[in-house]
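Residue numbers (my numbering): 274 to 438.
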């Protein structure tokens, strides 16, 4: 009887281990697919080089040059490109018809847990309102809005005070 329960326990343990391993691999695969998709989108945005700041000449904020016509061909919901110099945040921003779709869909419509940065449906897509709310995930691999957590430190905020859109 004791041997049978040990065998049952071992089978249960192996089943849980296999399922957990599968889930980890699935999550890592989704992260990779999302990262690859956003890497391909960087062709539409020419990001400025990091500018040097000295006491005599403060660094000027350089805006990325974005081909919105080409991006609109990929997805007509594109409204902006959000860029934070030296933060790792450089992504297209969309506005859909609801606040759910882009939570788990990439810019090209592919289902993916990384989702896409998107403007709240109650906001103006041209950012002309008093406030514009942009949603996005704080990915555990450090992408998307993960860098926003660094703004809890005053030193980081002082070094990265501005975003371009």
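Cβ coordinates follow ideal geometry from the N, Cα and C atoms, glycine included.
### Message
Is it buried or exposed, residue 391, if we count other Cβ atoms within 10 angstroms and call 16 or more buried?
### Response
By 1-based counting over the chain shown, the position of residue 391 is 118. Buried, because 16 or more other Cβ atoms sit within 10 Å of the Cβ of residue 391.
### Task
Helix, strand or coil for residue 352, going by three-state DSSP, please let me know.
For this step, residue 352 is matched to residue 79 along the chain shown. Residue 352: strand per DSSP, three-state reduction.
### Task
Put residue 378 into one of helix, strand or coil per three-state DSSP.
Along the chain shown, one-based indexing puts residue 378 at 105. Three-state DSSP puts residue 378 in a strand.
### Beta-carbon proximity of residue 365 to residue 437, cut-off 8 Å
Position 92 of the chain shown, counted from the start, is the residue given in the question as residue 365. Position 164 of the chain shown, counted from the start, is the residue given in the question as residue 437. It is not a contact, given that the beta carbons lie outside the stated cut-off.
### Task
Take residue 379 and list the residues in its own chain whose beta-carbon comes closer than 7 Å to its own, dropping the five residues that flank it on each side.
The count along the chain shown starts at 1 and reaches residue 379 at position 106. For residue 379, where only same-chain residues beyond five positions count, the Cβ hits under 7 Å are 307, 310, 385, 387, 389.
### Query
On the three-state DSSP scale, how would you describe residue 277?
Working through the chain shown from its first residue, we reach residue 277 at position 4. Three-state result, residue 277: helix.
### Message
Since residue 317 and residue 353 should fall inside the 8 Å C-beta cutoff, what is the C-beta to C-beta distance between them, to a whole number of angstroms?
### Response
Residue numbering aside, residue 317 sits at position 44 when the chain shown is read from its first letter. Residue numbering aside, residue 353 sits at position 80 when the chain shown is read from its first letter. Actually they are not in contact, since the Cβ atoms of residue 317 and residue 353 sit about 12 Å apart, beyond 8 Å.
### Exposure label - residue 368; buried when at least 16 CB within 10 Å
Taking the chain shown and counting its residues from 1, the one referred to as residue 368 is at position 95. Buried is the call here.
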